[in-house]
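Have a look at the structure below before the remarks.
There are 2 protein chains.
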Amino acid sequence: MDERRARRPGGRSARVQAAVHEAVTGLVGERGYGNFTVGEVAARAGVADSSVYRRWGSLEALLTDVMLTRLNARSPMPDTGSIAGDLRAYAAAVAREITGPDGPALLQLLLALHSAGEQGIRARDNLLADRSQQLQSMLDRAQERGETTPPIDDVLDHVLAPLYIRVLFNAGPLTPTYVDNLVDRLL
Amino acid sequence: MDERRARRPGGRSARVQAAVHEAVTGLVGERGYGNFTVGEVAARAGVADSSVYRRWGSLEALLTDVMLTRLNARSPMPDTGSIAGDLRAYAAAVAREITGPDGPALLQLLLALHSAGEQGIRARDNLLADRSQQLQSMLDRAQERGETTPPIDDVLDHVLAPLYIRVLFNAGPLTPTYVDNLVDRLL
Numbered sequence: 001m002d003e004r005r006a007r008r009p010g011g012r013s014a015r016v017q018a019a020v021h022e023a024v025t026g027l028v029g030e031r032g033y034g035n036f037t038v039g040e041v042a043a044r045a046g047v048a049d050s051s052v053y054r055r056w057g058s059l060e061a062l063l064t065d066v067m068l069t070r071l072n073a074r075s076p077m078p079d080t081g082s083i084a085g086d087l088r089a090y091a092a093a094v095a096r097e098i099t100g101p102d103g104p105a106l107l108q109l110l111l112a113l114h115s116a117g118e119q120g121i122r123a124r125d126n127l128l129a130d131r132s133q134q135l136q137s138m139l140d141r142a143q144e145r146g147e148t149t150p151p152i153d154d155v156l157d158h159v160l161a162p163l164y165i166r167v168l169f170n171a172g173p174l175t176p177t178y179v180d181n182l183v184d185r186l187l
Numbered sequence: 001m002d003e004r005r006a007r008r009p010g011g012r013s014a015r016v017q018a019a020v021h022e023a024v025t026g027l028v029g030e031r032g033y034g035n036f037t038v039g040e041v042a043a044r045a046g047v048a049d050s051s052v053y054r055r056w057g058s059l060e061a062l063l064t065d066v067m068l069t070r071l072n073a074r075s076p077m078p079d080t081g082s083i084a085g086d087l088r089a090y091a092a093a094v095a096r097e098i099t100g101p102d103g104p105a106l107l108q109l110l111l112a113l114h115s116a117g118e119q120g121i122r123a124r125d126n127l128l129a130d131r132s133q134q135l136q137s138m139l140d141r142a143q144e145r146g147e148t149t150p151p152i153d154d155v156l157d158h159v160l161a162p163l164y165i166r167v168l169f170n171a172g173p174l175t176p177t178y179v180d181n182l183v184d185r186l187l
């Protein structure tokens with residue numbers, strides 16, 4: 001297989017990406033993070049190992065690309081016109097996601113990357129930097145509208161952290177009231 | 001090996017427990033949660049599989065027993081005479097633990113149990129119930145002294161959750177000032 005000769009690189013590139021992402025999602029579901037290799041992803045996707053390395057660089061970078069694509073599709077940063085509305089909508093989306101069928105998959109990935117050496121740490125930091133930047137843009141928009149906004153660290157500490165830890169500790173359901181209260185308390 | 005014939009059941013029992021706990025700690029360090037069996041623990045500890053099942057019932061219950069023993073040894077609930085002192089000391093101990101060599105091992109275990117079916121969920125709930133009870137006793141002592149105390153859920157949401165998530169998200173160091181601020185903000 002020589003992908004450089006593909007006649008429609010954009011189309012082929014998109015197909016490779018879709019096949020590789022789907023292979024990762026399948027392997028994560030069946031075995032969990034940390035229990036499969038780039039070779040297994042490539043075989044399942046029907047592409048060469050070298051294609052995966054060329055495009056993503058490492059398994060860790062590939063895993064975070066898949067996660068980021070999913071997060072951006074399922075929990076995009078809202079733009080409701082007010083910081084309260086934005087944070088409530090964002091917190092509700094996160095709550096829905098982590099109590100859904102995939103559960104706290106982001107935490108699972110972060111923990112796997114946490115113990116995956118330097119490449120894991122770098123991939124983790126890139127993933128979080130990307131989402132943080134989006135969250136920061138949401139806060140910046142509110143400030144430009146003249147609203148008072150909390151620091152981004154406080155959103156992490158007092159809205160996102162409780163949601164994740166509640167699911168992991170099975171410490172009560174994430175009711176809409178509970179989720180809204182986290183935001184109201186912060187604001 | 002017939003352990004019921006051991007002449008000093010207490011001594012033998014304690015030795016079995018120590019050997020099994022040590023085997024678990026070793027296997028967790030080498031392979032991570034979810035990547036070894038009761039048979040492998042038993043072989044490493046030099047005991048029969050049946051001894052492990054008889055005493056612990058399941059791998060999940062054994063894993064939580066090891067974790068609970070460690071938590072109780074390394075992060076016992078403090079008794080400083082004031083709720084502020086207790087919560088600060090407790091938060092500092094948790095921060096020290098999760099930034100130490102074993103890292104967020106409790107989160108790793110909870111995530112592994114989260115996806116380990118009914119026995120995993122039961123073991124997880126037992127582990128957390130035990131620690132929650134200890135934390136509640138700490139809060140109750142303060143109330144008996146006439147202090148105003150936060151609900152236990154708020155300690156989880158706004159002190160413990162940020163500590164864990166900050167480590168996992170690599171969102172800044174857990175300085176003593178940061179840790180104390182989480183407590184002060186809650187109180």
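Taken in sequence, the protein lines are chains A and B.
Read in full-length UniProt numbering, the first sequence has 176 at position 176, and its numbers run on one by one without any break.
Read in full-length UniProt numbering, the second sequence has 116 at position 116, and its numbers run on one by one without any break.
Where is the CB? At the ideal position from N, CA and C, for every residue including glycine.
Given the structure is predicted, the values throughout are model-derived calculations rather than measurements.
Next item on the list: Kindly indicate if chain B contains any beta-carbon less than 8 Å away from that of Ala-161 (chain A).
Entry: The beta-carbon of Ala-161 (chain A) is placed less than 8 Å from the nearest beta-carbon of chain B.
Checklist line | Arg-145 (chain A) - containing alpha helix (DSSP H), residue span | finding: Here Arg-145 (chain A) belongs to no alpha helix (DSSP H), and DSSP marks it neither H nor E.
Notebook entry, point to check: Got a sec: is the Cβ-Cβ distance from Phe-169 (chain B) to anything in chain A below 8 Å?
Noted result: Contacts with chain A at 8 Å (Cβ-Cβ) include Phe-169 (chain B).
Checklist line | Minimum C-alpha distance to Glu-22 (chain B) - residue among B:Gly-11, B:Arg-31, B:Gly-32 and B:Val-41 | finding: Taking only the C-alpha atoms, the option nearest Glu-22 (chain B) is B:Val-41.
Next item on the list: Run the CB neighbour count on Glu-30 (chain B), radius 10 Å, all protein chains shown included, and call it buried at 16 or more, exposed below.
Entry: Exposed, by the Cβ-count rule.
Margin query: I want to verify the contact list: residues of chain A whose CB lies under 8 Å from the CB of Ile-165 (chain B), in sequence order.
Written below: Simply Leu-156, Asp-157, Leu-160, Ala-161, Tyr-164 and Ile-165.
Check: Using a C-beta to C-beta distance shorter than 8 Å, which residues of chain A count as neighbours of Gly-32 (chain B)?
Finding: Listed along chain A, the residues sitting closer than 8 Å to Gly-32 (chain B) by beta-carbon distance are Gly-34 and Ser-115.
Next item on the list: Give the secondary structure of Val-179 (chain B) by DSSP, where H, G and I count as helix, E and B as strand, and everything else as coil.
Entry: Residue state for Val-179 (chain B) is assigned as helix, using DSSP reduced to three classes.
Note to self: Taking 7 Å as the limit between beta carbons, can you name the residues of its chain near Val-24 (chain A), skipping five residues before and five after?
What the structure shows: Within the same chain, Cβ atoms closer than 7 Å to the Cβ of Val-24 (chain A) are found at Val-41, Leu-62, Leu-63 and Val-66, the five residues on either side in sequence being excluded.
Next item on the list: Could you tell me whether the Cβ of Pro-176 (chain B) comes closer than 8 Å to any Cβ of chain A?
Entry: Judged by the 8 Å Cβ criterion, Pro-176 (chain B) is not in contact with chain A.
Margin query: Quick check on the DSSP output: the alpha helix (DSSP H) that includes Met-67 (chain B) runs from which residue to which?
Written below: Its alpha helix (DSSP H) spans residues 59-74.
Notebook entry, point to check: Applying a beta-carbon distance threshold of less than 9 Å, which residues of chain A neighbour Pro-104 (chain B)?
Noted result: Within chain A, the residues near Pro-104 (chain B) are Leu-111 and His-114.
Check: If you drop the 5 nearest sequence neighbours on each side, which residues of the same chain put their C-beta closer than 7 Å to that of Val-94 (chain B)?
Finding: For Val-94 (chain B), where only same-chain residues beyond five positions count, the Cβ hits under 7 Å are Ser-75, Leu-160 and Leu-163.
Next item on the list: Give a yes or no on whether the minimum CB-CB distance between Gly-172 (chain B) and chain A is below 8 Å.
Entry: With respect to chain A, the C-beta atom of Gly-172 (chain B) has a partner C-beta closer than 8 Å.
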